[in-house]
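Chains as they are written, first to last, in this note's numbering: chain A, 1 to 277; chain B, 1 to 425; chain C, 1 to 503.
Note that the Cβ used here is the ideal one computed from N, Cα and C, for glycine as well.
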């Protein structure tokens with residue numbers, strides 16, 4: 001063993017921090033409240049959002065967002081929230097009425113168990129969008145990831161709608177029980193196929209529309225595959241028009257390619273799987 | 001001013017401390033790796049960053065990326081590995097050691113003295129950080145195997161090091177090898193990653209590649225060795241998820257001489273990479289395919305030659321396949337590889353900016369560090385993201401695009417039948 | 001004639017009020033229980049409780065009861081042992097029986113439980129997500145050699161390492177049952193089912209009947225000590241060959257098919273004269289040491305262009321060492337038959353007292369092969385009355401690659417486990433050559449029932465894998481960590497490599 005140096009234990013200088021539990025700066029202008037979320041921990045940020053809405057704000061602008069979670073989570077009412085930056089996980093989870101518009105990408109869990117309202121993302125979104133969604137609309141401009149639209153379900157007058165403008169990966173619409181799920185494959189930066197494997201696997205309700213076609217091996221065995229007919233396109237049109245307006249797209253171009261429709265073959269796809277002891 | 005932790009730490013079960021537990025070897029020598037008796041579940045947030053031009057970055061980029069992902073952990077584990085951080089000792093193996101007590105240090109150093117030539121031994125530089133307590137003794141050693149001792153065995157220097165690491169971790173009570181590679185080191189412990197980074201003065205190190213991790217263990221912590229990354233030689237792995245095939249992965253590795261003593265599922269990933277890349281000399285993409293194998297239905301659709309390779313790979317390395325949700329970043333001298341499981345049950349996103357390649361569990365971590373990324377994307381399930389540092393030997397054999405004659409040249413050593421190895425990116 | 005000391009085991013009870021007097025029971029019973037005199041009259045002593053008559057009686061008026069004779073209680077001499085003495089005193093013979101060991105040894109499978117994933121690792125939904133059961137049976141190399149294909153990709157360096165493995169779509173195959181011990185229709189059912197399922201059946205030592213040639217890619221041809229039906233054509237026809245050294249029901253002894261069961265077809269298939277006894281010697285007379293086995297294995301490989309060769313042994317005390325020797329001798333798979341394995345005929349004393357449980361055999365063989373670094377050189381097939389997909393999953397977790405079923409397969413075809421196989425009068429038409437009985441198995445129907453059974457077990461296995469959080473069977477294979485023992489002593493736990501529940 002050769003020399004042993006003295007160890008250095010310097011006094012702590014200002015450490016590197018991520019988020020801080022501080023109150024964000026808020027500027028108000030009429031019924032708009034602008035909140036600077038830079039380095040603000042999600043808890044404080046969301047508390048401020050709720051407080052402003054309770055105080056009468058109709059429009060909230062969140063600036064410098066980077067990864068804060070739970071934006072719009074559990075909110076009711078009809079406020080509009082604008083997110084500038086990268087929205088964190090579980091945005092609009094359990095949301096029941098407001099609109100959230102993201103100018104940037106969203107991460108995972110958008111619209112998880114959402115009940116009503118609207119989410120618009122001018123960018124890509126991650127995995128597990130709209131899981132258990134029951135109502136409202138989610139519009140994504142770009143690509144989405146894995147396990148998108150799992151177990152969307154409709155109930156009485158609540159019908160969830162999700163439109164993704166880019167491409168999706170595996171397990172799109174898995175276990176679908178109700179609502180409408182649309183994939184356009186148009187605004188994409190991903191070089192793979194429009195949709196992945198296990199598309200609609202376990203489907204037992206609702207409808208999935210693809211602009212174009214998928215390979216038979218990609219599609220779950222519970223799905224019946226059809227070409228969307230006039231009546232289907234008539235129902236799709238108003239939704240796609242609303243979608244196109246958000247992203248400056250041309251509805252005619254969107255509808256210029258035949259759409260594939262997937263619906264469940266049976267409502268009890270596993271009826272013969274079990275035997276009573 | 002000392003560092004204030006931002007959030008309350010999750011409450012831990014009160015276990016007796018190491019000092020007062022009766023260990024296997026008597027009351028005053030508790031087995032340091034005793035947490036290994038409990039299976040420790042994989043943590044929850046990770047990052048990796050590599051500047052392919054070889055430009056060094058300060059460790060604070062890793063700290064900042066991990067700080068943004070704070071909620072993915074619970075403050076009971078954080079860690080980093082940096083590459084290129086010891087330019088003064090480029091050819092020495094550097095052992096980062098954790099010791100429970102002085103006796104463990106003496107026992108480990110006895111091994112070093114006997115088998116190695118140690119050119120520098122010193123305590124790890126640290127600073128006091130509020131919230132970091134119960135730290136073990138942290139030392140580092142710059143050493144090489146004693147050539148006389150190495151001659152007698154038929155091992156390469158790397159095998160010698162692996163052997164020593166397994167020996168110390170499984171037989172020297174109270175000692176743990178945190179890292180054992182050249183010109184790299186692992187910095188880890190119990191605390192939030194920002195706290196750990198701050199504790200180790202990470203910002204004072206500069207490296208071309210960093211990996212970081214934030215852990216969310218579900219049983220009692222207290223053991224600094226349980227944090228990620230897990231290392232062997234210069235392989236460092238950070239892992240998010242759980243390897244449910246651990247039971248068979250560890251038994252498979254034991255037949256090749258790796259001792260899985262750490263009770264964590266992540267260690268099998270490190271050893272599997274060592275086995276496939278260093279010992280079996282599999283090309284990197286195929287090693288990734290063996291660990292995150294395509295589904296048989298996919299293999300059946302492949303063209304014949306590729307199908308034959310995949311089928312063989314899966315049938316031979318089946319016991320090594322990692323099943324369960326995972327995202328892994330493997331760092332090594334020369335670059336890094338990020339890989340997720342074959343149905344992508346854990347998040348992983350990637351970005352590039354100039355010559356910098358970065359991966360993380362959340363996009364926000366990358367946006368914290370990269371102010372204007374050229375490209376942000378989600379890697380496919382089972383497809384690796386690979387970053388290579390220019391000018392460094394690619395340590396992984398069977399390089400991309402070697403021709404058959406190059407392969408035979410490498411095997412026979414007959415040089416005039418070789419073409420120059422051309423690197424195709 | 002002296003009175004037999006042995007009372008009938010069962011009482012056949014007919015509700016004559018409901019009886020149609022159709023005589024169906026007389027016709028259905030293979031054991032000759034019924035005579036008819038205006039109404040069916042049962043001879044209880046012949047009844048074996050196979051329930052054929054019960055099932056086919058249109059009035060559902062037959063029931064079989066245990067003849068509940070009171071015996072003076074004696075924990076040492078249970079009634080069965082007393083009857084055995086009386087029987088042997090009467091006949092001077094070795095008691096013969098069929099199917100598997102029915103004695104109350106501790107059942108290790110019933111003391112093992114499986115893990116499930118929660119929170120820290122999610123379970124997987126096998127109905128909607130991929131859940132892979134595909135298994136390759138055979139010898140695998142330690143590593144894969146690849147070379148660049150000049151186009152940016154790779155190819156295998158020395159031909160296809162796995163080409164000689166057999167691809168199974170599920171880790172369940174059918175065990176060997178010889179044509180002779182079972183009927184040709186049973187063989188046809190097994191072959192058709194094996195083809196549909198993408199798995200294998202096994203000829204047993206009775207050769208391969210011509211009717212099975214279309215299914216030969218899903219058939220393992222067995223080479224047993226009697227070498228029945230073995231010629232180059234036979235060897236080349238199947239997907240693999242299996243040298244039978246022993247079986248779980250009768251370790252160490254040979255087999256004997258009485259001449260009455262050798263009809264024309266059996267004789268052709270076995271290539272022995274009609275009416276002669278078919279005797280399988282206890283050892284292969286050309287295997288007296290391990291190097292002889294190696295010689296035989298390679299002779300088979302040479303004769304067939306190196307098709308895979310497996311070796312079937314009974315699980316006995318030093319099964320780990322034997323298995324290691326077999327693997328080193330060049331076998332592509334080792335078939336372990338536990339002491340509960342079934343048979344068409346075996347001495348009861350051998351069946352019930354010789355051999356060790358398959359759970360332990362799998363565990364020690366798997367561990368020994370790993371300790372020696374040769375585990376990948378052969379697959380392990382485990383058998384011995386595997387009863388359910390739970391046994392299957394536990395066997396795989398202990399280390400088996402594949403499980404073989406025979407008793408369960410025969411039960412799928414109607415067997416009620418009455419242990420009357422050795423008489424050749426099976427009412428269900430399974431273990432008999434009598435044409436009036438064998439025609440009771442329609443191969444199409446049989447194939448469907450076997451396919452149903454294996455499908456059901458495969459689905460259940462997928463559910464179990466899903467609960468374990470893995471989506472491919474190779475991640476459970478050998479993963480003792482996913483098992484825990486309940487109510488097993490510590491030493492057994494150590495031998496199995498399984499921790500007690502709670503740890």
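Local conformation of residue 162(B) per DSSP, three classes:
Residue state, collapsed to three classes: helix.
Look at the alpha carbon of residue 226(B) and the alpha carbon of residue 163(B), and state the distance between them as a whole number of angstroms.
Separation of residue 226(B) and residue 163(B) (C-alpha to C-alpha, rounded to the nearest whole angstrom) is 20 Å.
Give a yes or no on whether the C-beta atoms belonging to residue 409(C) and residue 190(C) are separated by under 9 Å.
Residue 190(C) is positioned such that its CB atom lies closer than 9 Å to that of residue 409(C).
So with Cβ pairs under 9 Å, would you call residue 193(A) a contact of chain C?
With 9 Å as the cut-off, residue 193(A) does not count as an interface residue toward chain C.
By Cβ distance below 7 Å, which residues in the same chain neighbour residue 37(A) in space, the five residues on each side in sequence not counted?
The residues 24, 45, 62, 63, 64, 65 and 68, in chain order, have a CB closer than 7 Å to that of residue 37(A) in the same chain once the five nearest residues on each side in sequence are set aside.
Less than 9 Å between the C-beta atoms of residue 48(A) and residue 78(A), yes or no?
Taking 9 Å as the Cβ cut-off, residue 48(A) and residue 78(A) do not qualify as a contacting pair.
Rounded straight-line distance, which links the Cα of residue 137(A) to that of residue 106(A)
For the pair residue 106(A) and residue 137(A), the Cα-to-Cα distance works out to about 15 Å.
Report the option in 389(B), 181(B) and 393(B) whose CA atom is closest to the CA atom of residue 56(B).
Closest option to residue 56(B), Cα to Cα, is 389(B).
If we count the other Cβ atoms within 10 Å of its Cβ and call it buried at 16 or more, is residue 271(C) buried or exposed?
Exposed: under 16 other Cβ atoms inside 10 Å.
Can you tell which of 111(B), 91(B) and 190(B) has its C-alpha closest to the C-alpha of residue 73(B)?
If we check each option's Cα against that of residue 73(B), 190(B) comes out closest.
Bridge-paired residues (DSSP) for residue 177(A):
Listed as beta-bridge partners of residue 177(A) by DSSP are 205(A).
Are the Cβ atoms of residue 59(A) and residue 40(A) separated by less than 9 Å?
Taking 9 Å as the cut-off, the beta carbon of residue 59(A) is found no closer than this to the beta carbon of residue 40(A).
If I follow the unbroken alpha helix (DSSP H) through residue 107(B), where does it start and stop?
Residues 102-115.
If contacts are defined as beta-carbon pairs under 8 Å, then residue 177(C) and residue 204(C) qualify, I think. What distance do you get, rounded to the angstrom?
The C-beta distance from residue 177(C) to residue 204(C) rounds to 5 Å, short enough to meet the 8 Å contact threshold.
Contacting positions in the region 187-214 of chain A - beta carbon closer than 7 Å to chain C
Against chain C - using a Cβ distance shorter than 7 Å - the residues of the region 187-214 of chain A are 198, 201 and 202.
C-alpha gap between residue 248(B) and residue 479(C), whole angstroms:
Residue 248(B) and residue 479(C) have their C-alpha atoms roughly 4 Å apart.
Would you identify the three-state DSSP class for residue 80(A), choosing helix, strand or coil?
Residue 80(A) carries a strand assignment under DSSP once its states are collapsed to helix, strand and coil.
Taking 9 Å as the CB-CB limit, is residue 239(B) close to chain C?
No, no contact with chain C.
Between residue 376(B) and chain A, is any beta-carbon pair separated by less than 9 Å?
The beta carbon of residue 376(B) sits closer than 9 Å to some beta carbon of chain A.
Quick one: Cα of residue 228(A) to Cα of residue 236(B), how far?
Distance between the alpha carbons of residue 228(A) and residue 236(B): 51 Å.
Identify whether residue 360(A) lies in helix, strand or coil by the three-state DSSP scheme.
Since the first residue of chain A shown is 1 and the last is 277, residue 360(A) is not available in this structure.
Span separating the alpha-carbon of residue 464(C) from that of residue 393(C):
Within the model, the alpha-carbon separation for residue 464(C) versus residue 393(C) is close to 8 Å.
Name the residues in the region 145-169 of chain A whose C-beta lies less than 9 Å from a C-beta of chain B; which are they?
Residues of the region 145-169 of chain A whose Cβ lies closer than 9 Å to any Cβ of chain B, in chain order: 145, 146, 147 and 169.
Look at residue 291(B) and residue 273(B) and say whether their C-beta atoms are less than 9 Å apart.
Contact: yes.
Helix, strand or coil for residue 428(C) per DSSP?
If DSSP states are grouped into helix, strand and coil, residue 428(C) belongs with coil.
Which chain C residues are close to residue 175(A), counting only those with a beta carbon under 7 Å from its beta carbon?
Ordered by position in chain C, the residues that pass the 7 Å Cβ test against residue 175(A) are 128.
C-beta neighbour in chain B for residue 178(A), strict 9 Å
No, its Cβ sits nowhere closer than 9 Å to a Cβ of chain B.
Between the region 355-386 of chain B and chain A, which residues of the former have a C-beta closer than 8 Å to a C-beta of the latter?
So the close ones are 362, 363, 364, 365, 367, 368, 375, 376, 377, 378, 380 and 381.
If you reduce the DSSP assignment to three classes, tell me which class residue 339(C) lands in.
In this structure, residue 339(C) counts as coil in the three-state DSSP scheme.
Determine the DSSP secondary structure at residue 409(B), reduced to helix, strand or coil.
Residue placement at residue 409(B) is poorly supported in this model, since its pLDDT is 32, which falls under 50; the coordinates are not used for a value here.
CA-CA distance, residue 51(C) and residue 351(C)?
If I take the Cα positions, the gap works out to 24 Å.
In angstroms, rounded to a whole number, what distance separates the CA positions of residue 309(B) and residue 296(C)?
Distance from the CA of residue 309(B) to the CA of residue 296(C), rounded to the nearest whole angstrom, comes to 32 Å.
Residue interval of the beta strand (DSSP E) (run including residue 289(B))
No beta strand (DSSP E) holds residue 289(B); the alpha helix (DSSP H) holding it covers 284-291.
Identify the continuous beta strand (DSSP E) that holds residue 474(C) and give its terminal residues.
Counting along the chain, residue 474(C) falls outside any beta strand (DSSP E), and DSSP gives it neither H nor E.
Any beta strand (DSSP E) of 3 or more consecutive residues that is wholly inside the region 177-210 of chain C
None, since the region 177-210 of chain C contains no complete beta strand (DSSP E) of that length.
Check the C-beta distance from residue 212(A) over to residue 173(A) and give it rounded, since I have them as a contact under 8 Å.
That pair is no contact at about 15 Å.
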